Structure formats: C-alpha cells, structure tokens
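Worksheet for the structure shown next.
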Amino acid sequence: MGKTKKTPLSEAAYYKIFFKVRDTFNNVTDEQYNEYFYRNDQVLLNIALYLLENFKGDYVYCNMINNDCLERCNYLNKWLNEKKSLYTSNGKCTNNSVLWEKYIEGLWTKLQDSVQHENKCIRVSLKEEKFDNNLIIPSCSNAIAMEIQGNFPDAPATEKPECPVTIVPTTSSCKAVLTTTYVVFGILLFFMYLLRFSSVGLKLNNFLRGKKIKSRNMNYENNESLSSDNNYNMESLDRRFNVIYNSFEN
C-alpha cells in the first residue's frame with residue numbers, strides 16, 4: 001500500500017499560523033541569534049522575535065506534518081513583507097531600510113542554516129512600491145542611518161568649576177561707607193528732633209532739669225550742714241583754748 005500524500009491547509013489556516021498575535025517566545029533561548037535583536041528599536045526587535053517563532057516554531061516542521069513547505073514558505077514571505085512595508089514605508093524610509101537589511105534579512109539568512117537544503121525557504125523580497133514622500137518624517141528619510149549603540153561609555157566626571165575670587169571695587173566700598181554715614185546721621189537728627197520738639201522730648205528735658213535742681217538742692221543742704229558743723233567745732237575749740245588760757249593765768 002503506497003504512502004498517501006498529505007494535502008496543504010486552507011488559506012485561512014495558514015494565516016492563522018503566521019499572522020497570529022503572540023505572547024510567548026519559546027525559541028528565544030538560543031544565543032546564536034542575539035546579534036539580530038536590535039534593542040534600541042522595540043518594533044524592529046518584535047519583528048525579529050516573531051520571525052524566529054514563525055520559522056523555528058511553525059515552518060521547520062513542514063516536511064513532517066503536511067509536506068507543505070512551499071505553502072508555508074509562501075505565507076511566511078507574505079507575513080514578513082507586510083512587516084517590511086510597515087517598517088520601511090515600502091523601502092522609502094532610508095534609515096529603517098538599513099536597519100531592516102542588517103537585522104531582519106540577516107536573521108532570515110541565519111535561520112536557513114538550521115534546515116536541510118530541500119527544506120530551505122527562498123526569500124521573495126517586497127516588490128518596489130510607491131509611498132507618498134509627504135508622509136515620511138525627516139528622521140526616516142535621511143541618507144545616512146543613525147544607529148544608536150546599546151551600551152554607552154561612562155561619561156567623564158565633570159569637574160566642579162572653581163569660581164574666581166571676586167574683588168569688590170573700591171567705589172562700591174565708598175558707596176557703602178557713605179550710605180552708612182547718611183543713615184547714622186539721619187538717625188541722630190531724628191532723635192535730636194524728638195528731644196527738642198516732641199512731647200516726649202519735653203517730658204525728658206523736664207525730668208532731667210528736675211533731677212539737676214534736686215541734686216543742686218541736696219548739695220546746698222550738705223554744704224550748709226557741713227558749714228554748721230565746722231562752726232560748731234571751731235566754737236568748741238575756742239572754748240577749750242579759753243579754759244586752758246585762764247587756767248595758766250590763775
């Protein structure tokens with residue numbers, strides 16, 4: 001009994017295989033593909049992850065399941081060309097086109113090494129299509145692609161700038177001295193005005209005058225008391241001399 005030939009899947013079934021939304025990436029464990037994961041562009045990185053899963057998770061088993069490698073290769077090319085159209089604006093975005101060739105087309109070529117010659121999937125590139133230049137942003141259409149490196153060298157430590165010693169001009173010092181002098185002089189004039197013309201100054205003058213008069217009276221009384229004491233002492237001394245003198249005469 002001969003071996004029955006397996007029939008290819010329907011178009012809807014192939015779309016369901018290659019155009020599905022993924023949330024797990026079981027084949028991203030092999031480090032030999034790390035160089036094709038551009039980690040400075042999340043969209044490009046996602047396309048590379050999807051391509052790895054579509055090829056190693058769904059395409060490589062074509063000869064073992066339905067013997068439909070040609071059909072699977074056809075839909076895998078359709079899927080990848082759709083992503084290229086979106087990412088490179090049909091090849092009109094220069095920067096993204098350079099990155100696409102390096103990382104995505106490079107990954108495709110690398111993946112062919114994991115299958116036998118008869119099972120290799122020939123790349124059918126996107127045909128040249130038009131794209132409105134007015135819809136391409138300037139950073140996308142530059143002639144030279146600016147690829148940002150993932151690891152940046154440590155920036156040199158910035159030295160703290162030393163501010164030069166500022167010498168204050170002498171004119172500023174003179175102005176400060178004059179200002180201070182004017183302020184002090186103004187304060188003195190204000191207090192002199194208060195003492196001379198205000199009610200507070202009059203009360204203070206009366207108080208000081210009263211203190212002077214009281215002090216003068218006290219000095220006068222002290223002098224009078226001292227004078228009377230001296231007179232008393234002199235009279236007492238005269239009486240003593242008179243007594244002594246009279247005693248000598250007798």
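Every letter in the sequence shown is one number past the one before it in UniProt numbering, and letter 94, counting from 1, is 94.
Glycine is no exception: its CB is placed at the ideal position from the N, C-alpha and C atoms.
This structure is a prediction, so every number in the text was calculated from the model and none was measured.
Problem set entry | Nearest residue (CA-CA) to Lys-90, options Trp-100, Asp-68 and Glu-128 | Along the sequence shown, one-based indexing puts residue 90 at 90. Correcting the residue identity first, residue 90 is Asn in this sequence and not Lys. Out of Trp-100, Asp-68 and Glu-128, Glu-128 has the C-alpha closest to the C-alpha of Asn-90.
Problem set entry | Distance CB(Asn-77)-CB(Arg-123) smaller than 8 Å | In the sequence shown, counting from the first residue as 1, residue 77 sits at position 77. In the sequence shown, counting from the first residue as 1, residue 123 sits at position 123. Between Asn-77 and Arg-123, the C-beta spacing is below 8 Å.
Problem set entry | Same chain only: Cβ atoms within 6 Å of Phe-25, ignoring 5 sequence neighbours per side | Along the sequence shown, one-based indexing puts residue 25 at 25. Excluding sequence neighbours, Phe-25 sits near Leu-49 and Glu-53.
Problem set entry | Assigned secondary structure, Gly-186 (DSSP; H/G/I helix, E/B strand, else coil) | Taking the sequence shown and counting its residues from 1, the one referred to as residue 186 is at position 186. It is helical.
For this session: With DSSP as the reference, label Tyr-61 as helix, strand or coil.
Result: Translated into the one-based positions of the sequence shown, residue 61 becomes position 61. Looking at Tyr-61 - three-state DSSP - the assignment turns out to be coil, as it is neither helix nor strand.
Exercise. Are there 16 or more other CB atoms within 10 angstroms of the CB of Phe-18, so buried, or fewer, so exposed?
Worked result: Along the sequence shown, read from residue 1 onward, the residue named residue 18 stands at position 18. Buried, by the Cβ-count rule.
Exercise. Per DSSP, what kind of secondary structure is Lys-20 in: helix, strand or coil?
Worked result: Within the sequence shown, the letter at position 20 stands for residue 20. In this structure, Lys-20 counts as coil in the three-state DSSP scheme.
Exercise. Between which two residues does the alpha helix (DSSP H) harbouring Glu-53 extend?
Worked result: Here the question's residue 53 lines up with position 53 in the sequence shown. Per DSSP, Glu-53 belongs to the alpha helix (DSSP H) from 42-53.
Problem set entry | Residue of Lys-56, Ile-47 and Cys-62 minimising C-alpha distance to Leu-86 | Along the sequence shown, one-based indexing puts residue 86 at 86. When Lys-56, Ile-47 and Cys-62 are compared, the shortest CA-CA separation from Leu-86 is found for Ile-47.
For this session: Mind checking which residues open and close the alpha helix (DSSP H) that includes Thr-109?
Result: The sequence position of residue 109 within the sequence shown is 109, counting from 1. It spans 106-111 - the alpha helix (DSSP H) in which Thr-109 sits, taken as one unbroken run.
Exercise. Between Glu-31, Tyr-36 and Asn-27, which lies nearest to Tyr-103 when the distance is taken from Cα to Cα?
Worked result: Here residue 103 refers to the residue found at position 103 of the sequence shown. It is Tyr-36.
Exercise. Measuring CA to CA, which of Val-28, Asn-119, Thr-88 and Asn-34 is closest to Ile-65?
Worked result: As a position in the sequence shown, residue 65 is number 65, starting the count at 1. For Ile-65, the nearest C-alpha among the options comes from Asn-119.
Exercise. Where does the unbroken alpha helix (DSSP H) through Asn-95 begin, and where does it stop?
Worked result: Taking the first residue of the sequence shown as position 1, residue 95 is located at position 95. From DSSP, the alpha helix (DSSP H) with Asn-95 extends over 94-99.
For this session: Drop a sphere of 10 angstroms on the beta-carbon of Lys-14, count the other beta-carbons inside from all chains shown, and report buried for 16 or more, exposed for fewer.
Result: Against the sequence shown, residue 14 aligns to sequence position 14. Looking at the sequence shown, residue 14 is not Lys but Tyr. Flag for Tyr-14 reads buried.
Exercise. For Tyr-103, which of helix, strand or coil comes out of DSSP?
Worked result: Locating residue 103 in the sequence shown gives position 103, where the first residue counts as 1. For Tyr-103, the secondary structure class from DSSP, reduced to helix, strand or coil, is helix.
For this session: Could you check if Asn-107 is buried or exposed, using at least 16 other CB atoms within 10 Å of its CB as the buried criterion?
Result: Reading the sequence shown from its first residue, position 107 is the one you call residue 107. In the sequence on display, residue 107 carries Leu and not Asn. So Leu-107 counts as buried.
For this session: Quick one: using the 10 Å Cβ neighbour count with 16 as the cut-off for buried, is Tyr-33 buried or exposed?
Result: Position 33 of the sequence shown, counted from the first residue, corresponds to residue 33. So Tyr-33 counts as buried.
For this session: Would you kindly work out how many angstroms separate the C-alpha atoms of Gln-116 and Pro-138, rounded to a whole number?
Result: As a working note, residue 116 is residue 116 in the sequence shown. As a working note, residue 138 is residue 138 in the sequence shown. Whole-angstrom Cα-Cα distance: 43 Å.
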